[in-house]
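Chains as they are written, first to last, in UniProt numbering: chain A, 1 to 173; chain B, 1 to 173. Right, one structure below, let's go through it.
There are 2 protein chains.
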Amino acid sequence: MNTGQAKGLLPGGGGENLLFLTDDQLRKGIEAMFFAYRDFTADPDRILENHAYGRAHHRALHFIQRSPGTTVNNLLAILGVTKQSLNRVLRGLIEDGMVESRVGRRDKRERHLHLTEKGAALERMLADVQRARMRAAYRAAGPAAVAGFRQVLEAMMDPERRALYHGIREGGA
Amino acid sequence: MNTGQAKGLLPGGGGENLLFLTDDQLRKGIEAMFFAYRDFTADPDRILENHAYGRAHHRALHFIQRSPGTTVNNLLAILGVTKQSLNRVLRGLIEDGMVESRVGRRDKRERHLHLTEKGAALERMLADVQRARMRAAYRAAGPAAVAGFRQVLEAMMDPERRALYHGIREGGA
DNA sequence: TTGGAAAGTCAACAAGGCTGACTTAAAATC
DNA sequence: GATTTTAAGTCAGCCTTGTTGACTTTCCAA
Numbered sequence: 001m002n003t004g005q006a007k008g009l010l011p012g013g014g015g016e017n018l019l020f021l022t023d024d025q026l027r028k029g030i031e032a033m034f035f036a037y038r039d040f041t042a043d044p045d046r047i048l049e050n051h052a053y054g055r056a057h058h059r060a061l062h063f064i065q066r067s068p069g070t071t072v073n074n075l076l077a078i079l080g081v082t083k084q085s086l087n088r089v090l091r092g093l094i095e096d097g098m099v100e101s102r103v104g105r106r107d108k109r110e111r112h113l114h115l116t117e118k119g120a121a122l123e124r125m126l127a128d129v130q131r132a133r134m135r136a137a138y139r140a141a142g143p144a145a146v147a148g149f150r151q152v153l154e155a156m157m158d159p160e161r162r163a164l165y166h167g168i169r170e171g172g173a
Numbered sequence: 001m002n003t004g005q006a007k008g009l010l011p012g013g014g015g016e017n018l019l020f021l022t023d024d025q026l027r028k029g030i031e032a033m034f035f036a037y038r039d040f041t042a043d044p045d046r047i048l049e050n051h052a053y054g055r056a057h058h059r060a061l062h063f064i065q066r067s068p069g070t071t072v073n074n075l076l077a078i079l080g081v082t083k084q085s086l087n088r089v090l091r092g093l094i095e096d097g098m099v100e101s102r103v104g105r106r107d108k109r110e111r112h113l114h115l116t117e118k119g120a121a122l123e124r125m126l127a128d129v130q131r132a133r134m135r136a137a138y139r140a141a142g143p144a145a146v147a148g149f150r151q152v153l154e155a156m157m158d159p160e161r162r163a164l165y166h167g168i169r170e171g172g173a
């Protein structure tokens, strides 16, 4: 790699300034992702510690809240982990009375996942602190910056993941 | 939480449109971070597998490349892990001839870290694929979006981390 | 009736975090 | 000069969360 693009201006190009594509700018973006992601997860992590849960539990709670009645297979696709890995997490949440697993009505092989009152309360706590940080960042940066933020993140996703990102719905038996 | 802000428009406010601060918009941002970060790390991860290394090794290589001659303590602060955790990773990289650890000239307690030729080559491979994804995303989104992307990520960082993000330099001897 | 899909389980393993305790060497301070 | 502090490194043990592989149960659908 290290294509000519890194130089900034394309000599005969359309005249657009391509300085934002230099290796240095790209590196700053990469480091920003690394640093920001750490702090992005830090607030929920602190709450999870008190409950003997980890980030994996948070993710499960989030997407069950987001799509109540979602099936295990569905969740598997969203989270991108193995059945065994998800099952361990889910088992804990169900045992602790955070998540309810209901046998499907149409297809009895499926299990539809729902948050209990208790689970919804925990999810709300986690979402609140994470949204608080996000809201502060959004407010500080302003609407135009937020639009750009979302655009770049979306462009960074693989096409299949982008489809997931847009099309989380299903569930609901 | 769930302050009135989530409603969108402040009735008596300055007239600015605050729809970008709704809980729904914030949730989309949170999910975008989750999905994008996965794919952001996926390309280097594939390369690392072939070398029996993990993400932790990548991070070490990146920041040593970025600040040649940096000390262990310095790297510790940047990565935000324990000495024991970093040491395990660093030991592997040194044994494999990827990283060189030189006793400090001024302060002989310090060890200054440098990439070897071999280490630099691996780091270049990792950086190349990660930059390629970043470049494609930047190009697709355009310079204005990129500026917003960086602004929001920076606003998401804790102040101390933001200082680190800006002020990685030191090292050098 | 049979094949395949959805879910769940057991076992074993690895990466990469963590804590706590302790050593060595060298610098800094009293 | 003696003492304290700092930088680095090490050993041991633990946890979470990911992995593979093998196997079962249930049930839908061809």
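Note that CB positions come from ideal geometry on N, CA and C, so glycine has one too. A quick note: this is a predicted structure, and the numbers were derived from the prediction, not measured.
C-alpha distance - residue i paired with residue j, whole-angstrom precision
i	j	result
threonine 71(A)	aspartate 39(B)	24 Å
tyrosine 53(A)	glycine 104(B)	42 Å
glycine 148(B)	arginine 124(B)	27 Å
leucine 21(A)	valine 152(B)	19 Å
alanine 137(A)	glutamate 160(B)	15 Å
arginine 55(A)	leucine 122(A)	13 Å
methionine 157(A)	alanine 36(B)	5 Å
leucine 76(B)	histidine 166(A)	38 Å
asparagine 50(B)	arginine 135(B)	24 Å
arginine 109(B)	arginine 88(B)	19 Å
phenylalanine 34(A)	isoleucine 30(B)	15 Å
threonine 82(A)	asparagine 17(A)	44 Å
proline 143(B)	alanine 145(A)	11 Å
alanine 140(B)	asparagine 74(A)	30 Å
aspartate 107(A)	glycine 69(A)	13 Å
arginine 150(A)	glycine 80(B)	27 Å
alanine 32(A)	arginine 131(A)	19 Å
histidine 114(B)	leucine 86(B)	15 Å
leucine 90(B)	arginine 27(B)	37 Å
Segment limits, beta strand (DSSP E) that includes residue i
i	result
residue 227(B)	Here chain B covers residues 1 to 173 and nothing more, so residue 227(B) does not appear.
Same chain only: Cβ atoms within 8 Å of residue i, ignoring 5 sequence neighbours per side
i	result
asparagine 120(A)	Inspection of the sequence shows that residue 120(A) is occupied by alanine rather than by asparagine. If we look at alanine 120(A) and ignore the five residues flanking it on each side, its Cβ neighbours are Gln65.
threonine 116(A)	Gly97, Met98, Val99, Glu100
leucine 126(B)	Pro44, Ile47, Leu48, His58, Leu61, His62
arginine 133(B)	Asp39, Phe40, Asp43
glycine 92(A)	Tyr53, His57
isoleucine 94(A)	Glu100, Ser101
Own chain, CB closer than 6 Å to residue i, minus 5 neighbours either side, in chain order
i	result
glutamine 84(A)	none
arginine 102(B)	His112
Neighbourhood of residue i by C-beta distance below 7 Å, restricted to the same chain and skipping five residues each side
i	result
arginine 162(A)	Glu154
lysine 118(B)	Gly97, Met98
valine 129(A)	Asp43, Pro44, Ile47
alanine 173(A)	For alanine 173(A), the pLDDT reaches just 35, beneath the cut-off of 50, and the residue's location in the model is therefore unreliable, although a value from the coordinates is still provided. Closer than 7 Å at Cβ, skipping near neighbours: Gly69, Gly104, Arg105, Arg106, His112.
Enclosing alpha helix (DSSP H) for residue i [first to last residue]
i	result
histidine 51(B)	No alpha helix (DSSP H) contains histidine 51(B), which DSSP labels as neither H nor E.
*Going along the chain, which residues of the segment 66-99 of chain A sit with their C-beta nearer than 7 Å to a C-beta in chain B?*
Cβ contacts with chain B come from Gly80.
*Name the residues in the segment 30-47 of chain B whose C-beta lies less than 8 Å from a C-beta of chain A; which are they?*
Of all residues in the segment 30-47 of chain B, only Ile30, Glu31, Ala32, Met33, Phe34, Phe35, Ala36, Tyr37, Arg38, Asp39, Phe40, Ala42 come within less than 8 Å of chain A when Cβ atoms are compared, listed by chain position.
*Please list the residues of the segment 133-146 of chain B that have a C-beta atom closer than 9 Å to any C-beta atom in chain A, keeping them in chain order.*
So the close ones are Arg133, Met134, Arg135, Ala136, Ala137, Tyr138, Arg139, Ala140, Ala141, Gly142, Pro143, Ala144, Ala145, Val146.
*According to a CB-to-CB cut-off of less than 9 Å, which residues of the segment 16-28 of chain A neighbour chain B?*
Listed by position, the residues of the segment 16-28 of chain A near chain B (Cβ gap below 9 Å) are Glu16, Asn17, Leu18, Leu19, Phe20, Leu21, Asp23, Gln25, Leu26, Arg27, Lys28.
*Just list the alpha helix (DSSP H) runs in the UniProt domain "HTH marR-type" (23-158) of chain A, keeping only unbroken ones of 4 residues or longer that don't cross its boundaries, in chain order.*
For the UniProt domain "HTH marR-type" (23-158) of chain A, the continuous alpha helix (DSSP H) assignments of 4+ residues that do not extend past its boundaries occur at 23-49, 55-66, 72-79, 83-95, 117-141, 143-156, in sequence order.
*Return the residues of the segment 145-162 of chain A that lie within a Cβ-Cβ distance of less than 7 Å from chain B, sorted by chain order.*
Those would be Ala145, Val146, Ala147, Gly148, Phe149, Arg150, Gln151, Val152, Leu153, Glu154, Ala155, Met156, Met157, Asp158, Arg161, in chain order.
*Name, going along the chain, the residues of the segment 50-66 of chain B whose beta-carbon falls closer than 7 Å to a beta-carbon of chain A.*
Sequence-ordered contacts of the segment 50-66 of chain B with chain A are nonexistent [C-beta pairs closer than 7 Å].
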